[in-house]
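*Asks:*
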Amino acid sequence: MDALLNMKQWYSVDESTQKLLIAIGIKLGIFLFFLFLAVILGRAVPKFLRLVMKRFSPPQIFQIYENLFVPLEKIIAIFSTLILISVCLNLIQEYTGFYQFLKFFSELSIAVSCAIFISGIFRTFLRVYGIDLIRRLGLEVDELLLVFETIANIIIGFFVAVAFAQSQNINLIGLVAGLGIGGIAVAFASQKTLEQIFGTAVIYLDRPYTPGEYIRVHLSSQGVLLARVEAIGLRSTKLRTLAKSTLVVVPNSTMAGADIENITRGKKVMVLLYLDFPRQLEKSEQALLEKVIKESTNTLFGIDPNSTKISLFPHEDAPQKVRARVSFFILGSNENSIEFRKRLLELANDSISKKLESHNIQFTMQEPTLYLDSPVPI
Numbered sequence: 019m020d021a022l023l024n025m026k027q028w029y030s031v032d033e034s035t036q037k038l039l040i041a042i043g044i045k046l047g048i049f050l051f052f053l054f055l056a057v058i059l060g061r062a063v064p065k066f067l068r069l070v071m072k073r074f075s076p077p078q079i080f081q082i083y084e085n086l087f088v089p090l091e092k093i094i095a096i097f098s099t100l101i102l103i104s105v106c107l108n109l110i111q112e113y114t115g116f117y118q119f120l121k122f123f124s125e126l127s128i129a130v131s132c133a134i135f136i137s138g139i140f141r142t143f144l145r146v147y148g149i150d151l152i153r154r155l156g157l158e159v160d161e162l163l164l165v166f167e168t169i170a171n172i173i174i175g176f177f178v179a180v181a182f183a184q185s186q187n188i189n190l191i192g193l194v195a196g197l198g199i200g201g202i203a204v205a206f207a208s209q210k211t212l213e214q215i216f217g218t219a220v221i222y223l224d225r226p227y228t229p230g231e232y233i234r235v236h237l238s239s240q241g242v243l244l245a246r247v248e249a250i251g252l253r254s255t256k257l258r259t260l261a262k263s264t265l266v267v268v269p270n271s272t273m274a275g276a277d278i279e280n281i282t283r284g285k286k287v288m289v290l291l292y293l294d295f296p297r298q299l300e301k302s303e304q305a306l307l308e309k310v311i312k313e314s315t316n317t318l319f320g321i322d323p324n325s326t327k328i329s330l331f332p333h334e335d336a337p338q339k340v341r342a343r344v345s346f347f348i349l350g351s352n353e354n355s356i357e358f359r360k361r362l363l364e365l366a367n368d369s370i371s372k373k374l375e376s377h378n379i380q381f382t383m384q385e386p387t388l389y390l391d392s393p394v395p396i
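In terms of my numbering, the sequence shown is numbered consecutively and its last residue is 396.
#1: What are the partner residues of R343, as DSSP defines its beta bridges?
#2: Could you tell me if I169 is buried or exposed, where buried requires 16 or more neighbouring beta carbons within 10 angstroms of its beta carbon?
#3: Hey, would you say F176 sits closer than 8 Å to S131, going by beta carbons?
#4: Can you tell me whether V178 is buried or exposed? The criterion is at least 16 other CB atoms within 10 Å of its CB, across all chains shown.
#5: Note down, in chain order, each residue of its chain lying with its Cβ closer than 6 Å to the Cβ of S329, except the 5 sequence neighbours on either side.
#6: Would you call R246 buried or exposed, if buried means 16 or more other Cβ atoms sit within 10 Å of its Cβ?
#7: Nearest-angstrom Cα distance between K121 and S104?
#8: Find out if the Cβ-Cβ distance for the pair L237, V268 is shorter than 8 Å.
#9: Three-state secondary structure (DSSP) at K26?
#10: Let me check understanding here. Comparing Cα to Cα, which of G230, L257, I250 lies closest to L243?
#11: In its own chain, which residues sit with a C-beta less than 8 Å from the C-beta of Y29, not counting the 5 before and 5 after it?
#12: Helix, strand or coil for F150 per DSSP?
#13: Tell me whether F331 is buried or exposed, calling it buried when 16 or more other Cβ atoms sit within 10 Å of its Cβ.
#14: In the DSSP assignment, find the beta strand (DSSP E) that holds T259 and state where it starts and stops.
#15: Should the stretch 85 to 92 be regarded as contacting the stretch 105 to 116, the criterion being three or more beta carbon pairs within less than 8 Å?
#16: To the nearest angstrom, report how far apart Q298 and Q78 are at their CA atoms.
What follows is the structure, encoded as structure tokens:
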């Protein structure tokens, strides 16, 4: 009965309305089909680009492409998919309200993914080519490079935000200026609150600690406090003391100006590097090996110079061969700096290989290099 009723209602609609509904249904079906096709093609773009570069570009250009773009294939796929989806939106351009709504979020997604993509290329270029270039210029490579990377990311984000605002006919400069004038009046009225907000911003940008880490903080009201970071809120940081297991709530403005010792990040990463030699080494060659390794590693920023140890022993598979085990520790304040130092270590390995080969000492370097976390007791 319900089916018959629905059929009667359908036929009761005039013919022009029926044609309009059918046209909308067909248009929506075509749009969904091309939307699905955009997702499929977008995911295939990185493989297609790699295939084209490998087939038609010189080996040097293809090597640069592999170093810079292959690590970013996921964001390339997302970026390509969003662009294709934006093109598909033109199919429903006649439905102005719905089209403008989807177009805004589509262009916003493209802008964000574009900023991530440019930032990723810059970061990869800095790690792969920038470090080596700085060392060739005779300059010291230190963690200032990470600060430069952060500043570059902020600049990239700013220009992408301005470009997006211009595409949406938003006067971003005027809006910021207007907010700045109004902000002066607000600042006088809520100085304490703004101080806490700025403290929160400093903590989130500088990240001296994150939830779950153990810190020792010097507070004027509490003295020296050893605690675990429970949470970082918009106004305060919650600390769980180790002795009493009580919860201490400290304003972020106070934490931003306090002396903080991050115990969790005091860990070292132990590096084990193995070199296999086809013959026994003479005393002079052993001394040269030790000199080359220590010169190549001790000058690296973030590597404990007193931790380098070299041990020589017979190879377990072939007694006539000699295996050298090189161990030392990498120090870093966070995962990003640890990865930065690992890249420096790769360059040091190349330097060790070239120096030993220049003295006609043949060897093979075992891959991969082993990295072991060394926990620090609280």
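Yeah, the Cβ is synthetic: ideal placement off N, Cα and C, and Gly gets one too.
*Replies:* In brief:
#1: Start at 1 with the first residue of the sequence shown, and residue 343 comes out as number 325. DSSP output for R343 lists Y292, S329 as bridge partner(s).
#2: What you label residue 169 is simply residue 151 of the sequence shown in a count that begins at 1. Result: exposed.
#3: As a position in the sequence shown, residue 176 is number 158, starting the count at 1. As a position in the sequence shown, residue 131 is number 113, starting the count at 1. Contact: no.
#4: Translated into positions along the sequence shown, residue 178 becomes position 160. So V178 counts as buried.
#5: As a first step, residue 329 must be located in the sequence shown, where it is residue number 311. Counting only Cβ-Cβ distances below 6 Å, and skipping sequence neighbours, we find R343.
#6: Numbered from its first residue, the sequence shown carries residue 246 at position 228. Buried is the call here.
#7: The sequence position of residue 121 within the sequence shown is 103, counting from 1. The sequence position of residue 104 within the sequence shown is 86, counting from 1. Taking the straight line from one Cα to the other gives about 7 Å.
#8: Locating residue 237 in the sequence shown gives position 219, where the first residue counts as 1. Locating residue 268 in the sequence shown gives position 250, where the first residue counts as 1. Yes. Within cutoff.
#9: The count along the sequence shown starts at 1 and reaches residue 26 at position 8. The pLDDT assigned to K26 is 49, lower than 50, so where the model puts this residue is not dependable; a value taken from the coordinates is nonetheless given after this. Here K26 sits in helix by DSSP.
#10: The count along the sequence shown starts at 1 and reaches residue 243 at position 225. Out of G230, L257, I250, L257 has the C-alpha closest to the C-alpha of L243.
#11: If you number the sequence shown from 1, residue 29 lands on position 11. Unreliable placement is indicated for Y29, whose pLDDT of 48 sits below 50; the coordinate value is still reported in the next sentence. Answer for Y29: no residue qualifies.
#12: Sequence index remark: in the sequence shown, residue 150 carries index 132 (1-based). Phe is not the amino acid found at residue 150; the sequence shown has Asp there. If DSSP states are grouped into helix, strand and coil, D150 belongs with the helices.
#13: Locating residue 331 in the sequence shown gives position 313, counting from the first residue. When all chains shown are included, F331 counts as exposed.
#14: What you label residue 259 is simply residue 241 of the sequence shown in a count that begins at 1. 254 to 259 is the span of the beta strand (DSSP E), which, as asked, contains T259.
#15: no
#16: Position 280 of the sequence shown, counting from 1, holds the residue named residue 298. Position 60 of the sequence shown, counting from 1, holds the residue named residue 78. So the two alpha carbons sit approximately 38 Å from each other.
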